[in-house]
Amino acid sequence: MSLERLRFAWWSRLLPSGDGHGRLLATVLGAAVFAYIAWKIAQSPDQAVQFAFNGLSVGAVYALLAMGFTIVYSTVWFFDLYYGAAAAIGAYGVFYLRSQDGFGGQDYTNPYVTAMLAAVTAGVVAWALYETFFHRLRPRYGRRVLYAAGGLLAVGAGAYMGLVLSITDSTNVILSPAIGVLVALAAGWAIYRGSRLALPTFNAVPLLILAAIVGIALGGYCGFLIADTPGSKLYLSWGVSCLMAGIVGVGFYRGLYVYMREQARSPLIMLVATLGILLAITAATSIIFESNPRPLPEAFGSAPWTILGSNIKGFNIFAVGVALAGFVFLLFLLRMTSFGKAVRAIGDDEEVSKVVGINTTVIIAIVFFIGAIYAAMAGLLSGHDTAIQPRMGLLLLLKGWIASVVGGIGNLYGAIVGGFALGMVEQFGIWDLAGEWKDVISFMVLILFLSFWPKGLLPRE
Amino acid sequence: MQIDTTAIVDMLRLAQSPREFLRFAKGNLELWANLLIIGWAVVFMVWQGTGFAISVGTVFAIWAILAVSLNLVVGFTGLLSVGHVGFFGLGAYTVAILTSDAAYEQLRTEAIPTFGLPFFAALPVAILFAGLVAVAVGIVFNRFRDDIFVLVSFGFAIIAFNVFLNLRSVTRGAFGIHEIARPEIGTWVFDGELEFLALVVAFLGLVVLISWFIVTSSFGRVLTAIREDEQATEVFGYQVTHFKLAIWVISAMMAGLAGGLFASWTTFIDPNSFILLESMLLVCIVILGGLATIWGSLLGAIVFVLLEEGMRFIPFLPAEYVGQARQVVLGILLVILMLFRPQGLVGRYKL
Amino acid sequence: MSTSRPDKIDLDEIFVLRTKEVSKRFGAVKAVDQLSISIFREWITCIVGPNGSGKSSLINLLSGILPLDEGVVVIDGVGLRVLKAHEAPGHGITRTFQEVRLFDQISVWDNIMVTLTERRFLPALFERTSPQHKEKTQSILQSVGMWEKKDAMAMDLSYGQRKLLEIGRAMAMDVSIYLFDEPFAGLFPQMLERVKSILKDMREQGNTIIFVSHNMDIVRELSDHLFVLDSGALLAVGEVDEVLSRPNVIDAYLGT
Numbered sequence: 002m003s004l005e006r007l008r009f010a011w012w013s014r015l016l017p018s019g020d021g022h023g024r025l026l027a028t029v030l031g032a033a034v035f036a037y038i039a040w041k042i043a044q045s046p047d048q049a050v051q052f053a054f055n056g057l058s059v060g061a062v063y064a065l066l067a068m069g070f071t072i073v074y075s076t077v078w079f080f081d082l083y084y085g086a087a088a089a090i091g092a093y094g095v096f097y098l099r100s101q102d103g104f105g106g107q108d109y110t111n112p113y114v115t116a117m118l119a120a121v122t123a124g125v126v127a128w129a130l131y132e133t134f135f136h137r138l139r140p141r142y143g144r145r146v147l148y149a150a151g152g153l154l155a156v157g158a159g160a161y162m163g164l165v166l167s168i169t170d171s172t173n174v175i176l177s178p179a180i181g182v183l184v185a186l187a188a189g190w191a192i193y194r195g196s197r198l199a200l201p202t203f204n205a206v207p208l209l210i211l212a213a214i215v216g217i218a219l220g221g222y223c224g225f226l227i228a229d230t231p232g233s234k235l236y237l238s239w240g241v242s243c244l245m246a247g248i249v250g251v252g253f254y255r256g257l258y259v260y261m262r263e264q265a266r267s268p269l270i271m272l273v274a275t276l277g278i279l280l281a282i283t284a285a286t287s288i289i290f291e292s293n294p295r296p297l298p299e300a301f302g303s304a305p306w307t308i309l310g311s312n313i314k315g316f317n318i319f320a321v322g323v324a325l326a327g328f329v330f331l332l333f334l335l336r337m338t339s340f341g342k343a344v345r346a347i348g349d350d351e352e353v354s355k356v357v358g359i360n361t362t363v364i365i366a367i368v369f370f371i372g373a374i375y376a377a378m379a380g381l382l383s384g385h386d387t388a389i390q391p392r393m394g395l396l397l398l399l400k401g402w403i404a405s406v407v408g409g410i411g412n413l414y415g416a417i418v419g420g421f422a423l424g425m426v427e428q429f430g431i432w433d434l435a436g437e438w439k440d441v442i443s444f445m446v447l448i449l450f451l452s453f454w455p456k457g458l459l460p461r462e
Numbered sequence: 002m003q004i005d006t007t008a009i010v011d012m013l014r015l016a017q018s019p020r021e022f023l024r025f026a027k028g029n030l031e032l033w034a035n036l037l038i039i040g041w042a043v044v045f046m047v048w049q050g051t052g053f054a055i056s057v058g059t060v061f062a063i064w065a066i067l068a069v070s071l072n073l074v075v076g077f078t079g080l081l082s083v084g085h086v087g088f089f090g091l092g093a094y095t096v097a098i099l100t101s102d103a104a105y106e107q108l109r110t111e112a113i114p115t116f117g118l119p120f121f122a123a124l125p126v127a128i129l130f131a132g133l134v135a136v137a138v139g140i141v142f143n144r145f146r147d148d149i150f151v152l153v154s155f156g157f158a159i160i161a162f163n164v165f166l167n168l169r170s171v172t173r174g175a176f177g178i179h180e181i182a183r184p185e186i187g188t189w190v191f192d193g194e195l196e197f198l199a200l201v202v203a204f205l206g207l208v209v210l211i212s213w214f215i216v217t218s219s220f221g222r223v224l225t226a227i228r229e230d231e232q233a234t235e236v237f238g239y240q241v242t243h244f245k246l247a248i249w250v251i252s253a254m255m256a257g258l259a260g261g262l263f264a265s266w267t268t269f270i271d272p273n274s275f276i277l278l279e280s281m282l283l284v285c286i287v288i289l290g291g292l293a294t295i296w297g298s299l300l301g302a303i304v305f306v307l308l309e310e311g312m313r314f315i316p317f318l319p320a321e322y323v324g325q326a327r328q329v330v331l332g333i334l335l336v337i338l339m340l341f342r343p344q345g346l347v348g349r350y351k352l
Numbered sequence: 002m003s004t005s006r007p008d009k010i011d012l013d014e015i016f017v018l019r020t021k022e023v024s025k026r027f028g029a030v031k032a033v034d035q036l037s038i039s040i041f042r043e044w045i046t047c048i049v050g051p052n053g054s055g056k057s058s059l060i061n062l063l064s065g066i067l068p069l070d071e072g073v074v075v076i077d078g079v080g081l082r083v084l085k086a087h088e089a090p091g092h093g094i095t096r097t098f099q100e101v102r103l104f105d106q107i108s109v110w111d112n113i114m115v116t117l118t119e120r121r122f123l124p125a126l127f128e129r130t131s132p133q134h135k136e137k138t139q140s141i142l143q144s145v146g147m148w149e150k151k152d153a154m155a156m157d158l159s160y161g162q163r164k165l166l167e168i169g170r171a172m173a174m175d176v177s178i179y180l181f182d183e184p185f186a187g188l189f190p191q192m193l194e195r196v197k198s199i200l201k202d203m204r205e206q207g208n209t210i211i212f213v214s215h216n217m218d219i220v221r222e223l224s225d226h227l228f229v230l231d232s233g234a235l236l237a238v239g240e241v242d243e244v245l246s247r248p249n250v251i252d253a254y255l256g257t
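Just so you know, the sequences run in chain order A, V and U. So in the numbering used here, the last spot in the first sequence is 462, and the numbers never skip. So in the numbering used here, the last spot in the second sequence is 352, and the numbers never skip. So in the numbering used here, the last spot in the third sequence is 257, and the numbers never skip.
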């Protein structure tokens, strides 16, 4: 007992425990960084353009990661480290499907992996069908019929996925019916809705027939087109591997996180559990595909273009486009649709949302699906840009995490700004240092931001 | 507080009557975990002979030092640090640079300063250096908590790895450092496996003793209070930042010790021994064994080492994938534990 | 000061705790607005007010949990512009929380022990549990009636027991000023009596007690002095019955 002495503890103020002079220091640091960058740019503008291009292309990947990360985090409020595995799955999915096109023709398809993914697909599809249709259709058809039909559909979907994953040399042929059906449905729906909006008084039946005919024709055309174009295999593989990552994400959410969140005392439990998932998937990836780095096959636009005297690959411009499109899509989804409203409601208070009748499980599952797809997209873009290796997931995850902290966690604008800002800072940072220090730079940025601007550039409102 | 003497007494009493033992053991997961793991270890030892124990004992002891020291931070103070491997590496590199013999051929590729000091002179320096770095890092990290702390500790591990890899003028980068001295007292060199094992186990005993001393002192009780509610602890007059910094530094120094031993044991280190993954595996060990118990960390380290040895007997698993397979198993175990037993096998603290 | 004028009153002898124009803002909201109050030595002072009137913020300011935006706190004649949470016990202040904040995953025994041991980290490393600590803990646990539960985890206690334990933890601090944030909320009558008697005993032993409550019967029974806060400012001060019958106080309670 020495309470009186506490008053005179001279050393008690030596360590920073509050914010104190943080603001001033932060401003000085920020000004110094800007001055340095401005000075470098003034010194050699050509090189500055080159670094800016590099920053943009890296930033696009980070922005995608940060956006997916932020939408998941601001809905469920725990850090989902499966996200990193999703990025790796995205990249390795392409490798899995396309491995025998390049790389000396070694085929990496593996019946166990295929069977497992097919089973996960079947499970997720079954759950999705159950959640969407069961309660609506039960009065009309009864429980058994619905279970049988749903089970058949789910098994069919799983089998189809298994087919896609096992016969990889003709992905386009196998996927063409699915694409045809999707295009037919989308086109038919668009024509029907559009004409209903344009001609609200007109009889619906002829419009429906027209929509069906045009849809089927368009779908069939697209299907045949794709079946006839072997060059589309790579891009179809992108879609498949993104879908795979998303499905596995939903599988983990529905199969595991739901139960875990019911009893978890703290977000740390979830974090540690997802750390386990990440470890397991990373190790499994390196068992299946060997752990050394590998390239992905050449995508379009791999030859550099020269703009403003500096080189940028068309593929990188495409990546920036994907990031921007992803941003616009998420913005639309979150701001304009009832889904977005539900997501924000769950982010504010999950219990209340449940009480007011939002099906939180389904909404969160969709959020996980979208997040995993963004991660997978980022993973495969970065894989095409550099190389893939099983450990890439963790690093990409951390970069996305940093970008979303820098931008302001839980804010979509912050995520895209943070992603591009992190990419830029990283690339300008290695101007004078060697390239291998870029991870150090990003973590320094992170620690500075957390110390001085814990809310990030654009705080969540 | 931490070593559950009553349980041991109970066990001794119960050992005399099998029926009562069975009744007691039913549903007592901690007891089963202890029995299973120790039994597993004994079976392996008998099956493989004592040579086995000698060869894996050193690995076990080094991991156990790391796990015990990390448990002080994760289990007792509630800071989930994934950056412990950084301090491990710092200790290893300090010992490596201070003791490595300059006159070897590999140095031609890239020359670094070497000193050729004896091991026991370099080890305290390594420990102190890890501690100093921990002071600097701890002052910065003190304000973070929970998941943000996890993120910045990831950052520390990655920064440390990059420094080991890229600061070539000091660490020789990916070439690694060779010819690290074995410990010697006078003319007696700890050259054989058995002697080194004895040394490492002695250090493990020391670390366990110090940890036990810490967690049973008033300091240890304050740490657990900080883990539960930092602000309330502050209200009772404890300057939380100092306590957190102190345990962080102590833990880092223990990791530095482990690093020094590791460097001397392998006589060659390169950055690949200090990747982030090792740190995550270490967190697995600590959580698997049990949070906030020293014995738990030892158990976790046993499981970790035995898993790798056990994997070697899986028929169709190629030898180079043993480590990966163990990682898969550990990951799945972690998920299961978080689902059903968030304090780990014999833990006293639920995450 | 050997030559003090006999007619000058030393405020610090009468008031153990004074605040001078203390303010705290949260964004645009003024939680505490230029508040000046004085707390009599060895009295039980009650702070009442409608929800959001700044009672808890005031307690947080006085215990150092929140930093002061403006103003000075004078404790026992020592004026402070900055009061840090870990320094508050050194000035003789301790507190309980509105939502009970025990150290959940350690035992009841250790919950009390934490408040008794060495504060500086280096001596704390070498301090073992001493017989004095044990005696003190035992007496505290017995006085709040928790001795039987000493080995239970704090998280396994019932709400009333948690409340009692938290009060016991504050008592173990052995300071002179106790801030109790809603010590009576959510307790059933038997427990209420117990807490009341504990508070009275503490007053008898020469401690100053400040508590927040919504239960007017208890306020009438216990408090020697009453402050009514409304939107961060002082609405009324004085003797309990007189203050509670003032029309503006009644308005503030019934009007919101």
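Even for Gly, the Cβ is constructed at its ideal location relative to N, Cα and C. All values derive from a computational prediction rather than experimental measurement.
query                                                                                                                                : result
Proximity to V/R349 [Cα-Cα], best of V/L292, V/G187, V/I337                                                                          : V/L292
Reference A/Y375; option with closest CA among A/A285, A/S287, A/A155, A/A416                                                        : A/A416
A/F54 versus A/K314: straight-line alpha-carbon distance, rounded                                                                    : 9 angstroms
Distance between beta carbons of V/S70 and V/V208, contact taken as under 8 angstroms                                                : 7 angstroms
Below-8 angstroms beta-carbon distance, V/E185 vs any chain U residue                                                                : no
Segments of 3+ residues assigned as beta strand (DSSP E) that fall wholly inside the stretch 91–116 of chain U                       : 94–96
Given V/V306 as reference, the closest of V/E21, V/R20, V/A42 once Cα atoms are compared                                             : V/A42
Complete alpha helix (DSSP H) runs within the stretch 243–294 of chain V (minimum length 4 residues, chain order)                    : 277–290
Neighbouring residues, chain V, relative to A/I270 (Cβ below 7 angstroms)                                                            : M339, P343, L352
Proximal residues to A/G189 (C-beta, below 6 angstroms), its chain only, five neighbours per side dropped                            : A212, A213, G216
Interface partners of A/E437 on chain V, CB under 8 angstroms                                                                        : N163, L166, N167
With 16 other Cβ atoms within 10 Å as the buried cut-off, status of A/I367                                                           : buried
Pick from U/D202, U/I48, U/V109 that is closest to U/V244, judged by C-alpha positions                                               : U/I48
Pick from V/I178, V/D147, V/L133, V/V151 that is closest to V/N273, judged by C-alpha positions                                      : V/I178
Chain-order list of residues whose beta-carbon lies under 8 angstroms from that of U/L117 (same chain, five-residue window excluded) : H134, K137, T138, A173
Option nearest A/S342 by Cα separation, candidates A/G327, A/I365, A/V321, A/A320                                                    : Looking at the sequence provided, one finds Lys at residue 342 of chain A rather than Ser. The option with the nearest alpha carbon to A/K342 is A/I365.
Cβ shell of V/L133 (< 6 angstroms), same chain only, five flanking positions each side left out                                      : none
Alpha-carbon to alpha-carbon, U/Q99 and V/V153                                                                                       : 32 angstroms
Which residues DSSP lists as bridging U/S24, in chain order                                                                          : U/E71
Inter-residue spacing [alpha-carbon to alpha-carbon] between A/W454 and V/F121                                                       : 44 angstroms
Start and end residues, alpha helix (DSSP H) containing A/D386                                                                       : 361–386
Every unbroken beta strand (DSSP E) inside the stretch 251–320 of chain A [3 residues or more]                                       : 305–308, 311–314
Neighbourhood of U/R221 by C-beta distance below 8 angstroms, restricted to the same chain and skipping five residues each side      : V241, D242, L245
Proximal chain U residues relative to V/Q240, where beta-carbon distance stays under 7 angstroms                                     : H87
Whole-angstrom C-beta distance between A/S242 and A/L381, which should lie under 8 angstroms                                         : 6 angstroms
Buried versus exposed, by CB contacts within 10 Å (16 or more), U/F127                                                               : exposed
Distance between U/E205 and U/I251 (C-alpha atoms, nearest Å)                                                                        : 31 angstroms
Minimum length 3: unbroken beta strand (DSSP E) runs contained in the stretch 24–56 of chain U                                       : 30–36, 39–41, 45–49
Distance, A/G310 Cα to A/L398 Cα                                                                                                     : 33 angstroms
Cβ-Cβ distance between U/I107 and V/T225 below 8 angstroms                                                                           : yes
Residue closest to A/A246, alpha-carbon to alpha-carbon, out of A/G430, A/F369, A/F80                                                : A/F369
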